[in-house]
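I have placed the structure first, in the form of structure tokens, so that the comments after it can refer back to it.
Protein chains: 2
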Amino acid sequence: MSTFQENLQKYAELAVKVGVNIQKGQTLVINTSIESAEFVRLVVKEAYQIGAKNVVVNWGDDVVTRTKYELAPDEAFTEYPEWRAKETIALAEEGAAFMSVVSSSPDLLKGIASERISNFQKASGTALSQFRKYVQSDKVSWTVIAVPSKAWANLVFPDAPEDTRIELLWDAIFKAIRVDRDNPIQAWKEHDKTLHTKVDYLNEKAYQKLHYTAPGTDLTIELPKGHLWCGAGSINEKGFEFMANMPTEEVFTVPHKTGVNGTVSSTKPLSYGGNIINNFSVTFKDGRIVEVKAEEGEEILRQLVETDEGSHYLGEVALVPHRSPISQSNILYYNTLFDENASNHLAIGSAYAFCIEGGKKMSSEELAEKGLNDSITHVDFMIGSDKMNIDGITADGTVEAVFRNGDWAF
Amino acid sequence: MSTFQENLQKYAELAVKVGVNIQKGQTLVINTSIESAEFVRLVVKEAYQIGAKNVVVNWGDDVVTRTKYELAPDEAFTEYPEWRAKETIALAEEGAAFMSVVSSSPDLLKGIASERISNFQKASGTALSQFRKYVQSDKVSWTVIAVPSKAWANLVFPDAPEDTRIELLWDAIFKAIRVDRDNPIQAWKEHDKTLHTKVDYLNEKAYQKLHYTAPGTDLTIELPKGHLWCGAGSINEKGFEFMANMPTEEVFTVPHKTGVNGTVSSTKPLSYGGNIINNFSVTFKDGRIVEVKAEEGEEILRQLVETDEGSHYLGEVALVPHRSPISQSNILYYNTLFDENASNHLAIGSAYAFCIEGGKKMSSEELAEKGLNDSITHVDFMIGSDKMNIDGITADGTVEAVFRNGDWAF
Chain A
0 MSTFQENLQK YAELAVKVGV NIQKGQTLVI NTSIESAEFV RLVVKEAYQI GAKNVVVNWG
60 DDVVTRTKYE LAPDEAFTEY PEWRAKETIA LAEEGAAFMS VVSSSPDLLK GIASERISNF
120 QKASGTALSQ FRKYVQSDKV SWTVIAVPSK AWANLVFPDA PEDTRIELLW DAIFKAIRVD
180 RDNPIQAWKE HDKTLHTKVD YLNEKAYQKL HYTAPGTDLT IELPKGHLWC GAGSINEKGF
240 EFMANMPTEE VFTVPHKTGV NGTVSSTKPL SYGGNIINNF SVTFKDGRIV EVKAEEGEEI
300 LRQLVETDEG SHYLGEVALV PHRSPISQSN ILYYNTLFDE NASNHLAIGS AYAFCIEGGK
360 KMSSEELAEK GLNDSITHVD FMIGSDKMNI DGITADGTVE AVFRNGDWAF
Chain B
0 MSTFQENLQK YAELAVKVGV NIQKGQTLVI NTSIESAEFV RLVVKEAYQI GAKNVVVNWG
60 DDVVTRTKYE LAPDEAFTEY PEWRAKETIA LAEEGAAFMS VVSSSPDLLK GIASERISNF
120 QKASGTALSQ FRKYVQSDKV SWTVIAVPSK AWANLVFPDA PEDTRIELLW DAIFKAIRVD
180 RDNPIQAWKE HDKTLHTKVD YLNEKAYQKL HYTAPGTDLT IELPKGHLWC GAGSINEKGF
240 EFMANMPTEE VFTVPHKTGV NGTVSSTKPL SYGGNIINNF SVTFKDGRIV EVKAEEGEEI
300 LRQLVETDEG SHYLGEVALV PHRSPISQSN ILYYNTLFDE NASNHLAIGS AYAFCIEGGK
360 KMSSEELAEK GLNDSITHVD FMIGSDKMNI DGITADGTVE AVFRNGDWAF
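Just so you know, the protein sequences line up as chains A and B, in that order.
Read left to right, the first sequence gives residues 0 to 409 (numbering that gives the first Met the number 0).
Read left to right, the second sequence gives residues 0 to 409 (numbering that gives the first Met the number 0).
Rendered as structure tokens:
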């Protein structure tokens with residue numbers, strides 16, 4: 000077996016054992032692209048070997064997707080297949096685990112009319128609304144992982160010889176998800192512990208507000224009473240651990256919906272709806288987005304904010320040191336799964352119910368009362384840099400350093 | 000564009016325009032394998048260019064399927080995803096067209112316990128029972144076509160150098176579906192006419208019985224009153240033509256469920272449920288299968304007959320001259336779509352409602368009263384050879400030659 004084949008096999012094992020942590024008799028749903036077949040086949044085999052009852056693979060194809068966006072009539076984008084949504088929800092209710100294996104080109108839909116993209120985002124967001132609630136309250140085990148595609152590798156390594164780009168991206172991913180370690184499963188256990196020391200510190204502090212400053216950024220974020228910092232491993236309804244993102248270097252919590260004020264500037268491009276949004280800033284007043292500007296992709300950013308009422312507010316606050324291993328690689332992935340783990344970030348849209356005390360069992364109304372935002376969308380964007388300072392402000396008004404020059408201050 | 004690319008494009012056009020004959024605003028459902036992606040992408044593009052509203056591609060993967068059959072627990076094979084079945088039925092009711100692009104290895108499931116295969120055939124047959132009725136009464140437009148896969152090409156051309164096998168199979172398929180003609184669409188129109196002269200002759204004769212003789216075969220098949228011979232083009236509920244199989248060289252009708260007596264021997268191997276059944280014979284008494292024998296795959300043949308009550312009876316009688324172009328190619332495809340069009344054949348299982356006068360609008364009970372068989376399965380098997388004679392027996396007892404030495408006698 001070549002080193003590559005060995006790494007691929009170790010990655011598949013990690014995805015199944017640490018990512019979704021499949022249990023005997025459970026169903027695994029994999030959403031992926033046909034270009035990821037080699038890897039997905041290993042995941043399927045691994046899942047059955049551990050005792051999965053069934054593995055449902057929902058294959059997509061970027062070429063078919065792009066063809067549809069180019070040639071289908073407008074009305075095709077206002078519908079999401081009803082039965083697919085029902086199937087997804089039913090499988091979640093039966094206790095299935097969900098794995099997304101991401102490989103799409105970050106600018107797959109470049110040049111497509113932005114209404115088509117936003118209409119489909121709205122249609123799918125609405126159809127899958129119940130499923131999103133299950134995910135955002137950790138009812139089900141879920142994980143997002145990535146494997147290279149040609150188009151994605153071309154974007155990340157444009158200056159490398161063409162036939163080496165995929166391999167370079169594989170190497171970067173293997174490093175980022177710790178497949179290069181002797182015992183990756185053990186490495187993830189240790190990583191989980193490390194992130195939890197930060198989580199514990201922040202939860203003890205229970206800051207009332209965070210104040211961000213950096214070039215183009217002066218932002219205050221109120222944190223709701225009872226907010227919980229989370230990081231790395233999660234625990235599903237039945238008590239089983241899972242890793243929602245691989246890689247993950249963040250600790251995160253929820254902002255108070257109406258407690259965000261000031262302006263924040265992006266520090267990395269954001270791939271959203273198959274388009275790249277770059278060099279943008281967002282201004283908030285009492286939580287609501289009142290202005291957006293972007294050097295690239297402003298229209299698609301505007302459409303994102305206009306998705307629904309909740310997409311005018313934030314749903315996540317995440318801290319990632321500028322010295323995180325992914326950040327140190329100096330690779331710009333144009334893929335949020337990686338770029339968000341190299342940078343402090345925020346998310347526009349819905350908030351995670353598990354980030355507030357007792358939230359997993361709260362109704363939508365109770366969550367709203369606590370200050371948590373709801374939306375059919377949830378999109379992370381990167382704001383961290385080595386010039387970012389963050390202060391934590393406690394209930395009694397004490398100001399403490401949380402981040403200095405992009406890194407943890409404690 | 001290379002000749003191969005040109006042929007692929009012409010094939011995609013044929014599949015969309017002649018196969019399912021897509022109409023503006025219609026949805027096309029494609030069931031296929033990820034190995035067929037290059038061809039399927041052209042079909043998707045062609046369908047949107049003609050005006051399809053949506054193209055739903057249901058991708059499968061032979062490796063994932065085989066892995067499931069090898070490793071999943073027994074209970075995984077007794078279920079068919081409820082929502083997938085509902086989606087298929089709903090799409091048919093909304094007027095979608097259905098295309099199967101077949102490429103699976105004919106012996107994909109060799110060595111798998113036959114109960115797993117038959118259980119899944121039963122589960123899917125039951126779940127899709129309503130959909131099968133729509134197909135078998137020509138409510139929807141549907142077509143079955145094929146593209147090579149490596150494993151399939153290996154089986155068909157085992158003696159050719161390995162790197163030429165796929166190309167050889169492509170060439171054979173391009174010929175069989177008339178893509179090598181100057182104007183394939185026109186060629187299909189002419190072919191349709193030719194087959195209809197046979198259909199018209201047989202419908203005028205309205206034979207009461209057919210009597211088959213060949214080595215190992217002495218079989219009498221009663222044809223129900225009002226039976227209709229069909230061939231080549233079909234017409235859906237809305238009046239649009241389509242071609243259910245490409246290639247197609249057969250004319251066919253329904254047998255009377257309880258009017259089949261004697262023994263028939265196979266002349267080509269049959270790939271069923273991912274296994275090959277070879278050198279087999281089937282004996283009928285008053286329509287019911289009372290004995291089966293097979294040199295290879297007898298257990299899987301027995302499981303097929305035991306699928307349900309209807310799988311103990313015949314549902315189709317089809318005539319194909321031994322001199323058909325596909326037969327003349329002398330290629331054994333191990334794939335019913337091709338082999339059935341090189342040979343007289345019969346089908347175990349359900350009968351086509353459109354093969355009886357007024358049948359498209361009859362209830363299941365009315366169809367049964369006319370002598371048409373019903374089952375959750377429908378499996379063709381090949382019985383033709385250059386040694387086969389068939390007599391037609393009219394209502395007044397006159398015996399006329401229909402086939403002599405494997406070819407049309409009129």
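A virtual CB, placed ideally from N, CA and C, is assigned to each residue, including glycine.
Can you find a heavy atom of the ligand GTP that lies under 7 Å from the Cβ of residue i?
i	result
residue 183 of chain A	In the structure on display, the ligand GTP does not appear, and there are no ligands present to speak of.
Quick one: what's got a C-beta closer than 6 Å to residue i's C-beta in the same chain, skipping five residues either side?
i	result
residue 389 of chain A	209, 211, 401 and 402
residue 152 of chain B	164, 165 and 168
residue 257 of chain B	285 and 286
residue 302 of chain A	113 and 117
Bridge partners for residue i per DSSP, in chain order?
i	result
residue 202 of chain B	For residue 202 of chain B, which the question treats as bridged, DSSP gives no partner whatsoever.
residue 287 of chain B	B:284
residue 211 of chain B	B:218 and B:389
residue 295 of chain A	A:277
residue 57 of chain A	A:30
residue 64 of chain B	Note: residue 64 of chain B sits in no beta bridge, so no partner.
residue 260 of chain B	B:219
residue 406 of chain A	A:403
residue 2 of chain A	None, per the DSSP bridge assignment.
residue 348 of chain A	A:377
Give me the chain A residues within the contact set of residue i, using Cβ-Cβ distance strictly less than 8 Å, ordered along the chain.
i	result
residue 40 of chain B	60, 62, 63 and 66
residue 74 of chain B	52
residue 80 of chain B	55 and 86
residue 48 of chain B	70
Please list, in chain order, the chain A residues whose beta carbon lies closer than 9 Å to that of residue i.
i	result
residue 56 of chain B	58, 59, 60 and 63
residue 152 of chain B	Simply none; closest approach about 19 Å.
Between residue i and residue j, which are expected to be in contact by the criterion C-beta below 8 Å, what is the C-beta distance as a whole number of angstroms?
i	j	result
residue 328 of chain B	residue 171 of chain B	6 Å
residue 49 of chain A	residue 100 of chain A	Between residue 100 of chain A and residue 49 of chain A the Cβ distance is about 17 Å, and since that is not below 8 Å, they are no contact.
residue 262 of chain B	residue 247 of chain B	Contact flag wrong, Cβ pair sits at about 28 Å.
residue 343 of chain A	residue 383 of chain A	3 Å
residue 190 of chain B	residue 222 of chain B	Rounded, the Cβ-Cβ distance is 25 Å, inconsistent with contact.
residue 311 of chain B	residue 287 of chain B	5 Å
residue 276 of chain B	residue 300 of chain B	5 Å
residue 333 of chain B	residue 270 of chain B	5 Å
residue 85 of chain A	residue 75 of chain A	So it is not a contact: roughly 20 Å between Cβ atoms.
residue 46 of chain A	residue 55 of chain A	Not confirmed; about 11 Å, so no contact.
residue 18 of chain B	residue 156 of chain B	Not quite, the Cβ-Cβ distance comes to about 26 Å (not below 8 Å), so this is no contact.
Quick one: residues in its chain with C-beta nearer than 8 Å to the C-beta of residue i, no 5 flanking neighbours on either side, listed in chain order?
i	result
residue 393 of chain B	204, 205, 206, 207 and 399
residue 416 of chain B	Beyond the ends of chain B as shown, which are 0 and 409, falls residue 416 of chain B; an answer cannot be given.
residue 30 of chain B	57, 59, 97, 98, 99 and 100
residue 154 of chain B	104, 105, 106 and 333
Give the straight-line distance between the Cα atoms of residue i and residue j, rounded to the nearest whole angstrom.
i	j	result
residue 141 of chain A	residue 318 of chain A	21 Å
residue 293 of chain A	residue 35 of chain B	41 Å
residue 61 of chain A	residue 98 of chain A	18 Å
residue 236 of chain A	residue 25 of chain A	14 Å
residue 59 of chain B	residue 330 of chain B	27 Å
residue 104 of chain B	residue 122 of chain B	22 Å
residue 89 of chain B	residue 130 of chain B	9 Å
residue 243 of chain B	residue 360 of chain B	19 Å
residue 9 of chain B	residue 195 of chain B	25 Å
residue 290 of chain B	residue 92 of chain B	39 Å
residue 202 of chain A	residue 227 of chain A	6 Å
residue 374 of chain B	residue 124 of chain B	9 Å
For residue i, which residues in chain B fall below 8 Å Cβ to Cβ?
i	result
residue 271 of chain A	Here the premise fails: no neighbours, minimum Cβ distance about 23 Å.
residue 83 of chain A	82 and 86
residue 367 of chain A	By Cβ distance, chain B contributes nothing, its closest Cβ being about 31 Å from residue 367 of chain A, past 8 Å.
What does residue i touch in chain A if you count any residue whose Cβ is under 7 Å from its own?
i	result
residue 43 of chain B	63 and 66
residue 33 of chain B	33, 36 and 58
Excluding the 5 residues preceding and the 5 following residue i in the sequence, name in chain order all residues of the same chain whose CB lies nearer than 7 Å to its CB.
i	result
residue 239 of chain B	20, 22 and 140
residue 133 of chain A	91 and 139
8 Å is my cut-off, CB to CB: does residue i come that close to chain C?
i	result
residue 293 of chain A	Going by chain labels, chain C is absent from the structure shown, which instead holds the protein chains A and B.
List, in order along the chain, the chain B residues whose C-beta lies closer than 7 Å to that of residue i?
i	result
residue 89 of chain A	82
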